[in-house]
Amino acid sequence: MSASSFDEIEELVNWIRDRIRLPGYTQAKWTPSDSACVKDFADSLNIPALFISTNTAHVLRVGTTAPRDATTIMYFVKNGQVSVKPTTAVTALQFGTIHGEGISSLLQLMNTFYMQRLQQETSWPESIQKEFTAQFYRFMSSLTETVSRGCGKTVLYLPPIALDKANYKDKDLLQQLESTVIHWTRQIKEVVNNQDNAHDAEGAGPLEEIKFWEHRTEDLSGITDQLNRPGVKDIVDILSLAKSSYLQPFETLSQIIKQGSFEANDNLRFLKKLCPICEQMATASPFDIPSLLPKLLTSIRLIW
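Under the UniProt record's numbering, the first residue of the sequence shown is numbered 1, with each subsequent residue one higher.
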């Protein structure tokens, strides 16, 4: 759209403005400089994206680089190196909104829009389809792990692969499943190796210890539940039939996790009995602590 006419720019600006959904946004906040930014984005083959956001003061910002301090951002991304006209905007652009943590929004977008497009794609050669799909699932495994780790959880990504035990000799299928199990094995190994991290913290008291076991119990129970999912069991069965060498390390760590989950639940059940007296001691003055010690010793005796 070189030397775009004023009418074309206005039409494209209106198309974009009609789709903006941002806190505190009104079309009255749009300025001529914002329209000029849209023109640069539309004309240039080297500008891939347009970002629109508002800050805490609800000041509108339009630019071709992503803002760092915005909590809600709208993006308009080109499908390749193309110029954009009002008549081609629907097919030339993808747009959406990122709320809060951008990586969480990316995961949601990948799990919905792009996953659906990948599954519906039928025009690619078979070899390209298989290679791209394998790389896509690897990326989704890493992205899922990163997002879940930020929430203090361990999530094992289960790719949406058709699992038929009769296909255990399919090399492409086995390669995908082995890649998935290798990723799971590394995740679980990290959980097992990090068990004692909280005990190394200086000054950690009994309440911190209880919080550690609460978090660990939740994490290990969550992993155990995932290991018992039908999809995970199907993958294990197929790799078992194929005699995959990657299965043994995974199964060994899975048993460690299940045993650790049982032990963590057991530890937490007893430690919670100490919560009331420990909370009293945490807020008590040094003068009052000696009178609380008999209660603490009684609670410990009951646990022991």
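Backbone N, C-alpha and C define an ideal beta-carbon position, used for all residues, glycine too.
Beta-bridge pairing of residue i - partner residues as DSSP gives them
| i | result |
| --- | --- |
| Phe76 | Leu50, Phe95 |
| Val38 | Val38 is not bridged to any residue. |
| Val62 | Ile52 |
Min CB distance residue i to chain C below 8 Å
| i | result |
| --- | --- |
| Gly63 | Structure shown: chain C not included; a single protein chain is present. |
Alpha helix (DSSP H) segment containing residue i, residue limits
| i | result |
| --- | --- |
| Arg21 | Here Arg21 belongs to no alpha helix (DSSP H), and DSSP marks it neither H nor E. |
| Val181 | 171-193 |
| Ile235 | 230-241 |
| Ala264 | 247-271 |
| Glu121 | Looking at the DSSP string, Glu121 is not in any alpha helix (DSSP H), and its letter there is neither H nor E. |
| Cys275 | 275-283 |
Contacting residues, own chain, Cβ-Cβ under 7 Å from residue i (five flanking each side not counted)
| i | result |
| --- | --- |
| Ser299 | Lys273, Leu274, Ile277 |
| Ile20 | Ile52, Met74 |
| Pro67 | Phe51, Ser53, Arg61, Ile73 |
Buried versus exposed call for residue i [16 or more other C-beta atoms within 10 Å across all chains shown]
| i | result |
| --- | --- |
| Pro160 | exposed |
| Ser285 | exposed |
| Leu271 | buried |
| Lys295 | exposed |
| Thr154 | buried |
| Glu279 | exposed |
| Ser123 | exposed |
| Ile289 | exposed |
| Cys151 | exposed |
| Ala3 | Annotation note: pLDDT 41 at Ala3 (below 50); position unreliable, coordinate value reported separately. Burial call: exposed. |
| Pro23 | exposed |
| Ser254 | buried |
| Val13 | buried |
Best match in the options for proximity to residue i [C-alpha to C-alpha]
| i | options | result |
| --- | --- | --- |
| Tyr246 | Gly63, Val192, His183 | His183 |
| Arg17 | Ser44, Ser291, Arg61, Ser123 | Arg61 |
| Gly260 | Ser244, Thr217, Asn228, Asp237 | Thr217 |
| Lys211 | Leu268, Gly96, Phe136 | Leu268 |
| Ser104 | Pro125, Arg117, Ala92, Met140 | Met140 |
| Thr64 | Thr87, Gly80, Thr71, Asp40 | Asp40 |
| Thr88 | Lys189, Leu239, Trp15 | Trp15 |
| Leu143 | Leu156, Glu10, Thr133, Met281 | Leu156 |
| Met281 | Val59, Leu177, Gly205, Lys165 | Gly205 |
Contacts around residue i, its chain only, beta-carbon distance under 6 Å, and the 5 residues preceding and following it disregarded
| i | result |
| --- | --- |
| Pro48 | Lys78 |
| Gln94 | Val77 |
| Pro249 | Thr185 |
Cβ-based neighbour list, residue i, same chain, cut-off 8 Å, excluding 5 preceding and 5 following
| i | result |
| --- | --- |
| Gln187 | Glu145, Thr154, Leu156 |
| residue 314 | The requested residue 314 is not part of the displayed model; the chain covers only 1 to 304. |
| Thr180 | Tyr137, Ser141, Tyr157, Leu158, Pro159, Ile235 |
| His99 | Thr71, Thr72, Ser105 |
| Ser44 | Ser83 |
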